[in-house]
Amino acid sequence: MRRMEGGVTAPEGFMAIGIAAGIKKDKKDMAMLYSKVPCRAAGTFTTNVVKAAPVKWDQNVVYHQETAQAVVMNSGIANACTGTEGYGYCRETAETAAALLGLRPEQVLTASTGVIGKQLPIEAIKKGVAAMVPMLSDSQAAGTLAAEAIMTTDTVKKEIAVQLELGGKKVTIGGMCKGSGMIHPNMCTMLSFVTTDAAISKELLQKALSADVKDTYNMISVDGDTSTNDTCLVLANGLAGNSEITEENEDFLAFREALNAVNTYLAKQMAADGEGASALFEVKVVGAESKEQAVILSKSIITSSLVKTAICGHDANWGRILCAMGYSGAVFDPEKVDLYFESSAGRLKIIENGVATDYSEEKATEILSQKEVTAIADMKMGEACATAWGCDLTYDYIKINADYRS
Numbered sequence: 352m353r354r355m356e357g358g359v360t361a362p363e364g365f366m367a368i369g370i371a372a373g374i375k376k377d378k379k380d381m382a383m384l385y386s387k388v389p390c391r392a393a394g395t396f397t398t399n400v401v402k403a404a405p406v407k408w409d410q411n412v413v414y415h416q417e418t419a420q421a422v423v424m425n426s427g428i429a430n431a432c433t434g435t436e437g438y439g440y441c442r443e444t445a446e447t448a449a450a451l452l453g454l455r456p457e458q459v460l461t462a463s464t465g466v467i468g469k470q471l472p473i474e475a476i477k478k479g480v481a482a483m484v485p486m487l488s489d490s491q492a493a494g495t496l497a498a499e500a501i502m503t504t505d506t507v508k509k510e511i512a513v514q515l516e517l518g519g520k521k522v523t524i525g526g527m528c529k530g531s532g533m534i535h536p537n538m539c540t541m542l543s544f545v546t547t548d549a550a551i552s553k554e555l556l557q558k559a560l561s562a563d564v565k566d567t568y569n570m571i572s573v574d575g576d577t578s579t580n581d582t583c584l585v586l587a588n589g590l591a592g593n594s595e596i597t598e599e600n601e602d603f604l605a606f607r608e609a610l611n612a613v614n615t616y617l618a619k620q621m622a623a624d625g626e627g628a629s630a631l632f633e634v635k636v637v638g639a640e641s642k643e644q645a646v647i648l649s650k651s652i653i654t655s656s657l658v659k660t661a662i663c664g665h666d667a668n669w670g671r672i673l674c675a676m677g678y679s680g681a682v683f684d685p686e687k688v689d690l691y692f693e694s695s696a697g698r699l700k701i702i703e704n705g706v707a708t709d710y711s712e713e714k715a716t717e718i719l720s721q722k723e724v725t726a727i728a729d730m731k732m733g734e735a736c737a738t739a740w741g742c743d744l745t746y747d748y749i750k751i752n753a754d755y756r757s
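Add 351 to a position in the sequence shown, counting from 1, and you land on the number used in the working numbering.
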């Protein structure tokens with residue numbers, strides 16, 4: 352497997368575009384993704400009881416349709432809490448795209464992100480769809496335009512592509528996502544779109560995605576809020592020409608590894624670009640008694656507001672980390688825990704067996720002042736481990752969210 356330039360248009364047969372359709376002022380706000388041939392589709396969706404209309408539409412397509420071939424996306428308005436009217440707008444969007452692309456409406460997925468509670472300007476949406484269809488391109492630039500068009504409070508586009516060999520054939524996986532705030536997924540996160548030219552059965556594609564989100568998107572948090580719109584979609588069109596993966600063999604494991612690389616990268620990009628964030632905060636729990644214990648502990652640390660503010664202040668306030676571990680619900684002996692801080696500036700043991708070491712505060716501050724900071728908690732209870740990603744909590748998070756609608 353190797354990293355390559357590009358995003359969702361890197362795999363064979365996929366086209367995309369992003370435009371300004373007038374939903375937001377003077378910004379790109381609509382995108383389209385299209386495959387030249389029908390795709391097997393898999394998806395994971397928000398566990399929030401309040402589900403946006405496009406989530407409900409996509410669940411029907413993923414769960415009940417054999418194929419999908421296009422995705423229409425918009426930013427600026429979430430189409431959440433919009434009742435039957437909002438769901439009807441998903442259908443109108445899909446019908447418009449289907450008519451222009453020669454598809455059935457049930458082959459068109461939709462996705463929205465932005466302000467909750469507002470109805471979509473459906474006429475602008477339909478005009479946007481009509482404008483995008485003739486602009487669809489398989490160029491890298493077109494994929495980037497799509498990645499930019501789905502951004503809301505994101506500060507950078509997020510896209511990646513990797514290549515591997517399956518059955519002697521070159522297979523590519525590309526991805527793009529958006530996410531910066533309202534991120535605390537329990538399935539996937541915000542909006543993520545993955546394309547691949549691999550030939551794989553619908554059942555195994557869904558199995559690979561469902562398993563992978565547990566170690567990628569489910570392991571990030573920016574602010575503890577699970578969105579109404581969280582959606583991750585994977586489309587596989589089979590144009591790479593590999594023998595179709597229909598069983599959990601070596602090709603399936605290789606595909607899963609590559610999918611994990613794509614999703615891990617995108618998940619970390621979202622955590623690093625958390626609203627107002629100045630640093631990516633990674634937490635590794637090692638030596639745990641079980642994977643479940645490691646997951647609970649690592650996520651408790653990255654979601655602690657006091658820990659996040661300490662990272663913002665480059666303050667080695669390790670007591671906050673032990674405190675977050677202590678109220679997580681996981682059972683452990685705090686007098687056995689070792690804790691380290693690590694970054695490009697070095698590695699430092701902060702506590703040993705639950706007690707502070709004679710560490711240098713100056714060195715700790717230097718380590719915590721980098722753009723990527725890792726805390727490592729060794730439980731000394733077993734062999735299990737887990738990694739979670741978050742970000743620091745800054746003044747700018749408040750500023751961004753205090754006037755988000757205005």
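Think of the CB as a built atom: it goes at the ideal place given N, C-alpha and C, for glycine as much as any other residue.
For residue i, tell me which candidate among the options has the shortest Cα-Cα distance.
i: V634; options: S572, G526 and D505; result: S572
i: L542; options: E686, Q491 and G465; result: G465
i: T523; options: K529, N588 and K477; result: N588
i: N569; options: G741, F365 and K376; result: G741
i: K454; options: Y438, E598, S655 and T418; result: According to the sequence shown, residue 454 is Leu rather than Lys. The option with the nearest alpha carbon to L454 is T418.
i: E595; options: T725, L517 and Y414; result: L517
i: A401; options: C390, A429 and Y385; result: The amino acid at residue 401 is misidentified as Ala; the sequence shows Val. Checked all of C390, A429 and Y385; the closest Cα to V401 is A429.
i: L617; options: D377, K687 and A498; result: A498
i: T395; options: S655, A475 and V564; result: V564
i: M527; options: M383, A562, P685 and I751; result: M383
i: G427; options: E436, P456, P472 and T660; result: P472
i: T461; options: V412, P405 and S629; result: P405
i: T582; options: T398, S679, G705 and E443; result: T398
i: T716; options: A728, T708, G697 and M730; result: G697
i: M521; options: D602, E474 and G468; result: Looking at the sequence itself, residue 521 is Lys, so the reference to Met does not match. When only C-alpha atoms are compared, the closest one is D602.
i: G733; options: Q458, T615, G670 and Q644; result: Q644
To which residues does DSSP link residue i through a beta bridge?
i: K407; result: According to DSSP, which records beta bridges pairwise, K407 is partnered with nothing at all.
i: E516; result: K521
i: V466; result: I428
i: G357; result: For G357, which the question treats as bridged, DSSP gives no partner whatsoever.
i: D689; result: D729
i: M366; result: Y385
i: I571; result: W740
i: G697; result: S694
i: R391; result: A587
i: T461; result: V423
For residue i, count neighbouring C-beta atoms within 10 Å of its own C-beta (all shown protein chains included) and say buried if the count is 16 or more, exposed if not.
i: A620; result: The question names Ala, yet the displayed sequence has Gln at residue 620. By the neighbour-count rule (16 or more Cβ atoms within 10 Å), Q620 is buried.
i: V359; result: buried
i: R354; result: exposed
i: G677; result: exposed
i: I749; result: exposed
i: P362; result: buried
i: K477; result: buried
i: K379; result: buried
i: Q557; result: buried
i: D747; result: exposed
i: S711; result: exposed
i: L604; result: exposed
i: I368; result: buried
i: L657; result: exposed
i: T503; result: buried
i: Y414; result: exposed
i: Q491; result: buried
i: A779; result: The structure shown does not extend to residue 779, since the chain spans only 352 to 757, so no value can be given for it.
i: K407; result: exposed
i: S386; result: buried
i: A739; result: buried
i: T506; result: exposed
i: T597; result: exposed
i: R630; result: In the sequence on display, residue 630 carries Ala and not Arg. Classification of A630: buried, given that the 10 Å Cβ count is 16 or more.
i: A753; result: exposed
Does the beta-carbon distance from residue i to residue j come in below 9 Å?
i: L586; j: V545; result: yes
i: L610; j: V422; result: no
i: A512; j: G357; result: yes
i: E703; j: A726; result: no
i: S463; j: A403; result: yes
i: T579; j: C736; result: no
i: A623; j: K722; result: yes
i: K687; j: L699; result: no
i: F365; j: G525; result: yes
i: A681; j: I653; result: no
i: N425; j: A482; result: no
i: A351; j: I374; result: There is simply no residue 351 to check, as the chain begins at 352 and stops at 757 in what is shown.
i: A559; j: R607; result: yes
> Going along the chain, which unbroken runs of the beta strand (DSSP E) with 3 or more residues stay wholly within the segment 627–676?
Replying inline: 631–639
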